[in-house]
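S.K.: Here it is, the structure, as structure tokens.
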């Protein structure tokens, strides 16, 4: 990939992360905005905007680090495990989905297991959808790596948000992570393909 494309990917993903967190904050943290609407305090409101925008930029950078780490891990996996690598990726996806339900539930006292089940199902369905799109845009072999990235890497990036008390920051984090990871995965082959003469 040319350095120009790397810079383009970095800044476009950064922008997506910031904007998606800002939009999510309107729904998840609406009480914070309403606090400065009555009476209207534009200075404090601007501070809240900048805070959530900055938070989104941080989440975007986490997403980008995870993406480039995965590209490295995938190449190492292909080198070491060869034809067994796709099956190993599927096994790790299953373990991660189980971990999201069982171990997260066992850490949080007096909580229902259902939110973790729904989160696991949603992450799997979203990963399957994006993996299918990636496979259609490139080739069938891209399905499992794309699924692995969307489920496993997104989960690893999401762990700090899952450890916070309450669900607000978990929501604030997962939305930009999914947006940024989806964008990076689906744009990569367009940035790396050689143009036909």
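Residue numbers (this note's numbering): 6 to 202. C-beta: ideal position from N, C-alpha, C; glycine also. In this text the structure is predicted, and so the values were computed from the model without any measurement.
Mapping the DSSP letters down to three states, classify residue 64 as helix, strand or coil.
M.R.: For residue 64, the three-state secondary structure derived from DSSP is helix.
S.K.: Excluding five sequence neighbours on each side, which residues of the same chain lie with their C-beta closer than 8 angstroms to the C-beta of residue 15?
M.R.: 69
S.K.: Quick check for students: name the residue ranges of the alpha helix (DSSP H) that lie wholly in the stretch 124-177, counting only runs of 4 or more.
M.R.: Contiguous alpha helix (DSSP H) elements confined to the stretch 124-177 occur at 148-153, 159-167, taking only those with 4 or more residues.
S.K.: In terms of residue numbering, what span does the alpha helix (DSSP H) encompassing residue 198 cover?
M.R.: It is not in any alpha helix (DSSP H) - residue 198 carries neither H nor E in the DSSP assignment.
S.K.: Could you give the first and the last residue of the continuous alpha helix (DSSP H) run that contains residue 25?
M.R.: 8-33
S.K.: Take residue 119 as the anchor and find which of 130, 131, 106 has the nearest alpha-carbon.
M.R.: Cα-wise, what sits closest to residue 119 is 106.
S.K.: Helix, strand or coil: which one does DSSP assign to residue 41?
M.R.: In the structure shown, the three-state DSSP call for residue 41 is coil.
S.K.: Measuring CA to CA, which of 37, 143, 144 is closest to residue 173?
M.R.: 37
S.K.: Taking the C-alpha atoms as reference points, what is the distance between residue 26 and residue 72?
M.R.: 19 angstroms
S.K.: Consult DSSP for residue 84 and reduce its assignment to one of helix, strand or coil.
M.R.: In the structure shown, residue 84 sits in a helix (DSSP, three-state: H, G or I).
S.K.: Decide if the stretch 49-69 is in contact with the stretch 179-198; the criterion is three or more beta carbon pairs, one per stretch, under 8 angstroms apart.
M.R.: yes
S.K.: Would you say residue 156 and residue 129 are within 8 angstroms of each other, going by their C-beta atoms?
M.R.: yes
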